[in-house]
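For reference, the structure discussed in these notes is given below.
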Amino acid sequence: MEIRYTVNQKDIKRYTTEELRSEFLVNGLYEENEVKAVYSHIDRMVTLGCMPTTETVAIDKGIDCWKNFGTHYFLERREIGIFNIGGKGSIEADGVVYEMGYKDCLYITKETKEVLFRSDDAKHPAKFYMVSAPAHRVCKTKFIPIEDAAKRPLGEAKTSNKRTINQFIHPDVLETCQLSMGMTVLESGNVWNSMPCHTHERRMEIYMYFEVPEDHVVFHMMGEPTETRHIIMKNEEAVISPSWGIHCGAGTSDYTFIWAMGGENQAFDDMDNLLQTELK
Numbered sequence: 002m003e004i005r006y007t008v009n010q011k012d013i014k015r016y017t018t019e020e021l022r023s024e025f026l027v028n029g030l031y032e033e034n035e036v037k038a039v040y041s042h043i044d045r046m047v048t049l050g051c052m053p054t055t056e057t058v059a060i061d062k063g064i065d066c067w068k069n070f071g072t073h074y075f076l077e078r079r080e081i082g083i084f085n086i087g088g089k090g091s092i093e094a095d096g097v098v099y100e101m102g103y104k105d106c107l108y109i110t111k112e113t114k115e116v117l118f119r120s121d122d123a124k125h126p127a128k129f130y131m132v133s134a135p136a137h138r139v140c141k142t143k144f145i146p147i148e149d150a151a152k153r154p155l156g157e158a159k160t161s162n163k164r165t166i167n168q169f170i171h172p173d174v175l176e177t178c179q180l181s182m183g184m185t186v187l188e189s190g191n192v193w194n195s196m197p198c199h200t201h202e203r204r205m206e207i208y209m210y211f212e213v214p215e216d217h218v219v220f221h222m223m224g225e226p227t228e229t230r231h232i233i234m235k236n237e238e239a240v241i242s243p244s245w246g247i248h249c250g251a252g253t254s255d256y257t258f259i260w261a262m263g264g265e266n267q268a269f270d271d272m273d274n275l276l277q278t279e280l281k
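The numbering of the sequence shown is the working numbering, which starts it at 2 and goes up by one.
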């Protein structure tokens, strides 16, 4: 598991492109029968990916839980949200099996000792994208298929940001300690996400872009509103957004992304909105 420490907004003004990417970009999440993980000290969030093919893979494969978390197992003091962005598969959580189709989601509560990942077809494997946050109490593990997500249409075609926000791990859908996750789907011909943009000082956020065509990219905007930077994102890459920074983007094609938040407040509209004309 890769460990990344916190950075501040003053330092990144001097960062090169490669330094920005090494601090905030998360890529290479899917290797056969492995768990890839990045532990960010920004709100102690962990971003993970797993692509089982010929094996059943445990969530803590390759992770030293005692060294990294001071726990005996991964979810002893953590909760996690998991999306499948690949072929059909399943997740077994303490003996209960959840069948996971494309874009389905599973929330698993703290104190779940064993989590196992499988694919139905090794040639078309599942790809499990995950974000985990510290948790202080036990909630209820819940499977949320894509059709049961709370739908929130936003934007319009004339501003190139017509999209639907699918709220999965959200107070309107289920109870968690601090983790919130959802999926935003842009309509064909629309390219902007999260615009007008915003910050939220009370929580950080992670975006993971997918359904980005092979020959296209997303220009992800970050940094302070008056000191913006960008990171060019490819398919199935994630980016860490500290609470003090904007997080929005424009693609050379439409795309989908999964957002995850953790911090002081779970209210979806708890944000500090900005006008486009205020950005620099």
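Every residue, glycine too, gets a C-beta built ideally from N, C-alpha and C. None of these values were measured; they are calculated from a predicted model.
Review point. When we look at the beta-carbon of residue 276 and count the other beta-carbons within 10 Å, is it buried (16 or more) or exposed?
Key: Exposed is the call here.
Review point. If you draw a straight line from the alpha carbon of residue 78 to that of residue 114, how long is it in whole angstroms?
Key: Between the alpha carbons of residue 78 and residue 114 lies a distance of about 10 Å.
Exercise for review: May I ask whether a heavy atom of the ligand MN can be found less than 7 Å away from the beta carbon of residue 75?
Suggested key: Of the ligands one can find in the structure shown there are none, so the ligand MN has no counterpart to examine.
Check your understanding: Going by C-alpha distance, which of 249, 184, 134, 82 is nearest residue 153?
Key -> Checking every option, the nearest Cα to that of residue 153 belongs to 184.
Check your understanding: My guess is that residue 1 and residue 242 are in contact by the Cβ rule of under 8 Å, so how many angstroms apart are they, rounded?
Key -> Not covered by the structure: residue 1. The range shown for the chain is 2 to 281.
Exercise for review: Report yes if the C-beta distance between residue 38 and residue 48 is below 8 Å; otherwise report no.
Suggested key: The Cβ-Cβ distance between residue 38 and residue 48 falls below 8 Å.
Check your understanding: Contact check, residue 84 vs residue 130 under 8 Å by CB: the rounded distance?
Key -> The Cβ separation is near 5 Å, so the contact holds.
Check your understanding: Quick one, which of 140, 92, 90, 103 has its alpha-carbon nearest residue 110's?
Key -> Checked all of 140, 92, 90, 103; the closest Cα to residue 110 is 140.
Review point. Rounded to a whole number of angstroms, what is the C-alpha to C-alpha distance between residue 281 and residue 41?
Key: The alpha-carbon atoms of residue 281 and residue 41 are separated by roughly 27 Å.
Practice item. Tell me whether residue 53 is buried or exposed, calling it buried when 16 or more other Cβ atoms sit within 10 Å of its Cβ. Key: Buried, since its Cβ has 16 or more Cβ neighbours within 10 Å.
**Study point:** Close beta carbons around residue 201, own chain, < 7 Å, minus the five adjacent residues each side
**Key:** For residue 201, the CB contacts under 7 Å within the same chain, skipping 5 residues up- and downstream, are 244, 271, 272, 273 in chain order.
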